[in-house]
Each structure stands twice: as structure tokens, then as C-alpha cells.
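See below for the structure under consideration.
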Amino acid sequence: MGWVVIEGLRVAYGDTRVLDDVTLRIPRGSLVAVLGPSGCGKTTLLRAVAGLLPVSAGTITVGGRQVTGPGVQRAPEKRGMGWVPQDASLFPHLSVGENIGFGLPRTRQTDELYCEPGEVPRRAAGLFGRFTWRGRAARAPIRENVSVHAPPLTPVPLTPERSPENSRASRITELATLVGLAELVDRAPAQLSGGQAQRVSLARALAPRPELILLDEPFAALDPLLRSALRTEVAALLRGQHNTSLLVTHDQEEALSLADFVAVMRGGEILQFATPAEIYERPIDPWVASFVGDTVELGGAWHDGIVDCDLGRVPADWMGAEAAPPGGTPVRVLLRPEWVTLTEGDTPAVTTAIAYAGHDALVSFELPTGVVVRARIAAPDLPRVGASVALRVRQHALAYPRT
Amino acid sequence: MTALIVPPPTADAAATRKAQGRYRFGAPPWLLVLAALAAATAAIPLVYLVVRTGEAGLEELLATLGRPRVLSLTVNTVVLAAAVTLSCLVLGTICAWILTRIRFSFQRTLLLASALPLAVPSYLAAYGWLVWFPSLNGFWASWFVMTAVCAPYVTLPVAAALRGASADLESVARTLGRGPLRAFAAATWPQIRPAAIAGALLVCLYTLSDFGLVAMLRFQTLTWGINAAYGASFDRNQAALLALVLVVLALVVVAGERRSRRQVDRVPGRSTMPARAPGRAGGVYLTMLLVAPLGGVIVPVFGLLSRLLEAETLRAMDVPRLIGAVGTTLALALAAAVVAVLVALPIAALAARYSGRFVVVIEAIGFLGHALPGIVVGLSLVFFALAAVPMFYQTSVVLVFAYVVLFMPRAIGSMRSGIAAVPSSLSDVARTLGLSPVQTWWRVTARLALPGIAIGALLVAISAMKELPATLLLRPTGVSTLATELWSRTALFEFGAAAPYAAALVLVAMVPAALLSGIRGTKKEL
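Just so you know, the sequences run in chain order A and B.
Read in order, the letters of the first sequence are residues 608 to 1010 in the working numbering.
Read in order, the letters of the second sequence are residues 490 to 1015 in the working numbering.
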């Protein structure tokens, strides 16, 4: 059961298909990362979900409400989705606070009173409220699903300490505090650092309590140190707010470490949708395997649960779409470098090169057959170059059909 | 279907960079319709001119075209344009080279002085020279003053190109045994050639379109011939035909300019040639630099001042009439600026955000006024007003419309870059935060593009104040601007009586120019 359901989505620029039959189900409250190389259509997918570009086919449903479908193309401002673009895109003519409050409606009559979904403003629409459409709308009894940003299911208690007299200003303060920038609300966006700007951008998207937060490579423009710190913080914040989020990234580490589910995209199609561990340990094809991490690739022959390869006879799982082939069929064998360990016995090898990385190292070993495999070895266990060692595979190897 | 739909990453990266701030999807139909309407208004003069000339019939057309009078006017125009273009190309390139390669202690002043002739309308420069030498006339006088006035159109872009050009190639050429001149010709000239050619063609266009200067210096070109044919004999067919010949010449030049502007091939490398001290040739360099400012600004303005401050001039000054002319000039310029911005807005918004063949066509038509000489627009709108909207003939409405057609390209240019500078991601964010497209436009895009829009309006206002030929043809009886007053006094050799109007024109045109530099300054600070 998905909270956001994308089905058969197609987008084309002229004759070029950018998204081809994309189907994705995002459970409520989860963080889903769309991972793919640049130009694979992942940003297009995000823009299509936000309603910022027209789709040629397919449906998008959020919480049972169709926002895109045959004959339905809900305007972006009526979708109740938050958008965090890559470059923060703060409004340069507004202060940080005004940026955060940009999506919070102002009612002209009451002084900046912002109403939570379902609340009735006490002095709504003032003296002539009866005669203006805005006033009449405010006084009308609340119907279910009438507000764009109101969750149609039971409302999630977001911040219990929220007072009934919650004004727009206090919502701004609340969010500024949430992203740790409470003292900067009066600053101009130009005075912020990249990381601060990105936090404001997130606060701005969160302010109207959207049903889905869309993040378009929000950390790509930051320097690496700040990036890893901020993304952990943002992921925690999104989870803490019970938000459903869709994150687009080309950074596999980011996708694997942050997301509850990862969708790997290539050439406008989703190749695999699974948990980060499954994507890494059981990639659906060799391309996905090498895209999300380092691989060791060998040739071998399949013998019912065992592959016969340069590393000897290694237990393996059949990863092809069809049923496992008969014994003796040549297959592609894939390993992760950290699955290869140094032990006694097993396959002898000679250390040929060490790429040292501090905490561990990628070590190249030449096997008796002349093939070179790389293993990730923790720093204390590093052999010397030229040393003879023995290798073992700790985990089931992955066997893919030859193409 | 799994085949790589997407081009390889390198090509893709280049494409996204090129398309930054633009949507890859079609523009909303209402914007297209509005922009197409705006572009259609800009096309009225040219279309009507062609229709009007066509009505005369092919035989008469060919007969008129063969007349020695028409031929001599055309030859005069082409020869003057070619001569001025060539001299500006040479002078401008040399000045640009001096400005970027020689280190004077008063560099900024020299740069400012080189740009100064742009502020003076050509007929004002001619007037200033006539004050000193009333007998000045003919080809050589026109050639000299026009060159002085137009040289900055080459100097400034070439200086900018030289500053951006990589000096590595020239250094390499020197180490391979070329002398300084040959190294410059082999290595640097190809890098600045597009800028130089584009600037020179702009000079050519302005010389073709110029009316005030050649008329004051009594050199008979097509613009002069159009005015004479229209004014003296009311030989409307001949005037229309001459206008058509002129338009064809101008369009050829504009097409050439567009083409030359496109072929910019960047040479990698960031190092620039170190500027060196002037040395012994300093005097020669300074003289070269000062030719254009002296001929285009300093001599004319001193001539103007000498006449203005004469006791006789001051005594005879008709103050209410002067104030009236100032008021009329300002009011017309203001109206032109407002209308031009409104008409240019849809075109600028469309061109800034969307691409596509249709968009390119609309923008090109919007820029048509750039190629049309003022006298042609004036003449065509006289015909058009008489035939289509007689109730507007001899009213300011038609005159303002002429200004709009003529100067809309300036508004489109600066508004377009202003709007394009607002990242489209800001509009996307505003939309997802609940703003409708119209609200987004007002609260985000227009708000941030305001400096660009204001600059566009000011540019139109400045140009409209200085415009002469279309104003002469279209002004309602009894209405006179500073430019027409200056013109009619000078035509009668009343240089003293013309002086106050000339001075007022310089002052009034300086106000928006000062505002303009203010806006640009603040923009830089932001």
C-alpha cells in the first residue's frame, strides 16, 4: 500500500522519451531516494510529481487523491507538495523569515493569522466577511479534504506543544528553530552560507505541512564535509516530522545511507526498487551492482548453487530473471570487494598493489590464473606488496546470465 | 526500450547549461498570442510600406528605380556608409587596442571619454561643428563627424573582447618568431574579429539610417531624399520607393551583423596581455584616443556653449517656448517608455523563458525596429495612419507608436535579460508553495526583474527624446520637441536661437542616463 502511487508515468520532450513507464509506490512517512546517473530522468520524475511539467501518460496519486492522470493535471500550487531545489533558490528580495513564511497564507483582516488545517480563524474575514468570497470560504463549515495541505486521513500530531492561537509568525519561528536558524530570521538570503540556505529552503518547503516533500539533489552543491553532516541532520528532521519524502540524488552513498527505500533509475526507467541493503547486496543486474558500489567481476560456470571461477568453487545465488540454468552454463560472477577476506587455505594469491585509504584499503591480488581481484581489507590486516596470501569469499557470490 | 534514450553525460551537461533558466516545454498559449500580437504591431510599418509600394505597380516601380536621382542617392548612401564603417573599424580597433594594452594613469577617464560620443545625437554633433564652421558641408564633413560619433560602437565591444581574449596564443606566436604586429594579426585578431565586425555593421546601420547629420551637413543620401520627396513635392510614391531601397540595405546589414555575432569561437586560456607603459609613443596613443571624443563631443559642445552664452542669444531666448518644448519632449518620451515596456513585456517574458522556432520568430520581429530607419517608420506610419486610422493622423498617438516600434528592441533586450536572470527554480518553488502563475509573476519574477524593466523603460525614453526624423514627419501641427526645434533653427542657420534647445536636449537626456548608471550601480552592489 503506497501513500504516493506513481503508475505508468511517461514524459517526453518532443520525440525524446525521458521517463518510460515509471511505477513507484512510496509508503507513508518514508524517505525514498531515486538514484541514477546524471541525465537518467530522475529530476524530470520529481518535476512531474510536483506538477511542474506535463506528462504524456500515467497517473500520480497522493493519499488517494489523483493529482495527475488522464484529463487531470492539478496545478503545482494545488498539490500540497514541498519542493527543495538543488541550489536552495531562496527569494533574494525576502528575509529568511519571509522566505520560510512564503507558503503560509496571510489573511488580510486578522494580523497574519495562520490557521492549521481544520482550524477556523476566530475573527475570520472581518466585518464584511459575509460578502467576500474569501470570508465566506473561511466561515463555511469545514468539509473533508477541502484544504490542499490537510491530510485526508487522520491528521498526524505534528508538534504537540502547538497552541490553538498559532499564528503565522510563530510557525515561522518554530521552523527556523527546527532547522537551527532561529537567530537568523531577519537576515537576507545572500548573507547565508550554502548549508544554511539549504536549511532555510527545507524549512520553507515544510512550513505549509506538505503531504510530500520533494528534494532535488539538495546536498549536491555543498562541500563534502558539510554535505554528510547536513544530510544526516535533514534525514533525521524529515523522519521526526513524519514526512513522506522523495529525494533525488546521483550519490549512491547518500541514497544508501539516508533512504528507507531506493529506486535505481537509468535511461528513464526504474531498474530496481528495494531497501538500501537489498540494492547493495542483491542488485538486480551487474549495472546496478557497479553503480551502487565497487564490484569484483569474474567469469565462471554455474553448478547448482556453486560457481566455479578463478577464486575456486564459491557458493552463489542465481540473480537472473529466468530460472537457474543447467549445470556448466557460463555465468558472470559478481562480488563486493569487502566479501573477499584473507584466510588460510583456500585460494592462494599474491598481493600486487595497495590503494591505501586510511581506515581500509583496496588491495589487488593476482590469482594463479593471472586474474586480478580487488578486496577491501581493514587497515590492521593489510599484507605487504608481494606477500603471498590466501583468499576466501565470505558471502554468497552473485551469478548473472552472460549477455 | 532500455536503450540509452539519454545522450552521453558530456553532451547532456552542455545542454542543461545552455538551457538553464529555460523551460523545455512549450509556452502557454495566452503568452504566445500576446507576444505574437505585440510582434505584429512592430511589423506594421514594414508590412504597410511593402503593400504601399506594391500598389504603385511594378512598371512605375522599375521606372522610378532607374531614375538617375534615385541612383545617385543610393550611391551616396552606400559610399558614405562604407567609408564611415571602414574608418570606424580601423579607428575603433586601434583605440580598443590602446585602451587595453597601454597603461595610462587615468585609464578610467579615457574609457569614459571613449564612450562619451554615444550620448550625443549625431545631428547635435553636426550642429556643434556648424557653429564653428558654418560653411561645412558635403561628403568629407559628414564622413568625419559621423566617424567621430560612431567610433565607440567599435571601440567598446572590441575593448571588451580584447580584455576577454586569451593572450597565450599571442605569446606563443611571439616565441615562434612572429613580430608584434604579425603575432597580433595571427593570434588575437581572430578572437576579436566577431566583435569588431558586429560593431562595424552597427556603425553601417546607423550611418544608413541617419537623417539629422547628413541633412544638416547637406550631403544627399536616401534619408534626405525621402524627406525631400515627401516634404517638397508630396511625391509619395517616390518617397515610399526610396524608403524601401533604404530598408533593403538596412536589412542586409542587420542580417550580416546577426551572422557575425554568432561566430564566436572561444579560445581557452585566461591569461591576459600585461598592459605596458606608454613610453615615447604616448602622445600618439593619446591623440588617437581623443579623435572620437573631440570630434563627436568636445568641439560640438564647446560650440554650443559659446553660442549659448552670447549675450544676444540669452536676450533673444524664448523661455516659455523652450519650457513647452522640454515638456513635450518629456511627455512623449514618458508615454513611449510606458507603452514600449507594456508591448515588449510579453515578448521579453516569452524569449527569456521559452525556446522554439516560433519564439525565435516572434523575438526577431520584435527586433525589427532596430533595422528600420526612423524616417522609414515615420513615412510608413503617415501612410498607414491616413489609410487605416485617419482619426489618429496628426495626433501624438501615431508619434508615440512610431517611438514604440523604433525603440522596442532596446526594451526587449534589457527586460529579457532581466527576466532571464531570475532563476526559473524560484518560480517553481513559489508555485509549489501555493502561488498561482499570476501571483508568482508579481511576487517573484517581476519583483526581481524590476531593474531590467526600469532600464528598458529608460533606454526607450532616452532614445525617444533624441529621435528626429520620425518626429519631424509625424508630430502634430504646432507640437515641437527639443530635437525638432533644434533642427528647424539650424536649417535656417539660426545657430544662436538653436543653442538653448541643444543645451536643453543634452541636459534632459542626461537625467535618464544618470538614473541608468544609478540603477546599474545598485545592481552591481546586489
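Beta carbons: idealized from backbone N, C-alpha and C, even for Gly.
The structure presented is a predicted model; accordingly, all values stated were derived computationally and were not measured.
Check: Hey, how far is the Cα of residue 572 (chain B) from the Cα of residue 519 (chain B)?
Finding: 47 Å
*In chain B, which residues lie with their C-beta within 9 Å of the C-beta of residue 657 (chain A)?*
917, 920, 921
- Message: Suppose the cutoff is 8 Å on Cβ atoms and the five residues either side in sequence are ignored; what does the same chain contact list for residue 845 (chain A) look like?
- Response: 638, 820, 852
With 7 Å as the C-beta to C-beta threshold (strictly closer), list the residues of the segment 883-914 of chain A near chain B in chain order. none
- What separation, rounded to the nearest whole angstrom, lies between the Cα atoms of residue 959 (chain A) and residue 1002 (chain A)? Residue 959 (chain A) and residue 1002 (chain A) have their C-alpha atoms some 24 Å from each other.
(Q) Quick check on the burial criterion: 16 or more other C-beta atoms within 10 angstroms. Buried or exposed for residue 751 (chain A)? (A) Any reading at residue 751 (chain A) must be qualified, since the residue scores a pLDDT of 44, below 50, and its modelled position is unreliable; the value itself is stated next. Classification for residue 751 (chain A): exposed.
* For residue 694 (chain A), go through chain B and note every residue whose CB falls closer than 7 Å to its CB, in chain order. => Within chain B, the residues whose beta carbon sits less than 7 Å from that of residue 694 (chain A) are 914, listed in sequence order.
- Task: Quick one: grab the DSSP three-state call for residue 620 (chain A).
- Result: strand
message = Just list the residues that DSSP pairs residue 995 (chain A) with in beta bridges.
response = A:957
Q) Ends of the beta strand (DSSP E) at residue 1007 (chain A)? A) 1004-1008
On the premise that residue 970 (chain A) lies in contact with residue 989 (chain A), defined as a C-beta separation below 8 Å, what is that separation, rounded to the nearest angstrom? 7 Å
Problem set entry | Contact belief for residue 907 (chain A) with residue 916 (chain A) at Cβ below 8 Å, rounded distance in angstroms | 3 Å
Residue 910 (chain B) and residue 830 (chain B) - do their beta-carbons sit closer together than 8 Å? no
Q) Which one or two residues does DSSP pair with residue 916 (chain A) in a beta bridge? A) A:907, A:919
Under a Cβ-count criterion, where at least 16 other Cβ atoms within 10 Å of its own Cβ denotes burial, should residue 917 (chain B) be classed as buried or exposed? buried
Can you pull out the residues from the segment 925-953 of chain B whose beta carbon lies closer than 7 Å to at least one beta carbon of chain A?
925, 933, 936, 937
- Message: Quick check on DSSP: helix, strand or coil for residue 843 (chain B)?
- Response: strand
Please report whether the beta-carbon of residue 700 (chain A) lies at a distance below 8 Å from any beta-carbon of chain B.
With 8 Å as the cut-off, residue 700 (chain A) counts as an interface residue toward chain B.
*asked:* Counting only beta-carbon separations shorter than 8 Å, does residue 925 (chain A) have a partner in chain B?
replied: no
Exposure of residue 830 (chain A), with buried meaning 16 or more beta-carbon neighbours within 10 Å: It counts as exposed.
**Prompt:** From residue 749 (chain B) to residue 738 (chain B), what distance separates their C-alpha atoms?
**Reply:** 17 Å
inquiry  = Would residue 905 (chain A) and residue 978 (chain A) qualify as a contact pair, given that the criterion is a beta-carbon distance under 8 Å?
reply    = yes
Going by DSSP, name the residue or residues bridged to residue 632 (chain A).
A:612
- [ ] On a CA-only basis, which of B:744, B:985, B:675, B:532 is nearest residue 800 (chain B)? Give me that one, please.
- [x] B:985
- prompt: Cβ of residue 935 (chain B) within 8 Å of Cβ of residue 904 (chain B)?
  reply: no
In or out: residue 620 (chain A) buried (at least 16 other Cβ within 10 Å) or exposed? Classification for residue 620 (chain A): exposed.
Inter-residue spacing [alpha-carbon to alpha-carbon] between residue 618 (chain A) and residue 624 (chain A) | C-alpha separation (whole angstroms): 6 Å.
**Q.** Backbone secondary structure at residue 669 (chain B) - three-state DSSP
**A.** Per DSSP, reduced to three states, the secondary structure at residue 669 (chain B) is helical.
Checklist line | Beta-ladder partner(s) of residue 852 (chain A), from DSSP | finding: A:638, A:820
C-alpha gap between residue 835 (chain B) and residue 704 (chain A), whole angstroms | 32 Å
Practice task
Please state whether DSSP places residue 904 (chain B) in a helix, a strand or coil.
Solution key: helix
Classification of residue 729 (chain A) by the beta-carbon crowding that lies within 10 angstroms, buried from 16 upward
Any reading at residue 729 (chain A) needs caution, since the residue's pLDDT is 45, under 50, leaving its predicted position unreliable; the model's value is listed next. It is exposed - the Cβ of residue 729 (chain A) has fewer than 16 other Cβ atoms within 10 Å.
* Would you say residue 511 (chain B) faces chain A, with C-beta separation under 8 Å as the test? -> Only weak support exists for where residue 511 (chain B) lies, its pLDDT of 44 falling under 50; the value from the coordinates is given anyway. Any Cβ of chain A closer than 8 Å to the Cβ of residue 511 (chain B) would place that residue at the interface, and such an atom is absent.
### Host alpha helix (DSSP H) of residue 893 (chain A) (start-end)
For residue 893 (chain A), the enclosing alpha helix (DSSP H) begins and ends at 893-899.
- Kindly give me the distance between the Cβ atoms of residue 950 (chain A) and residue 997 (chain A), rounded to whole angstroms, as I take these residues to be in contact under 8 Å. 6 Å
key: Within chain B, the residues that residue 688 (chain A) reaches when beta carbons sit closer than 9 Å   = 921
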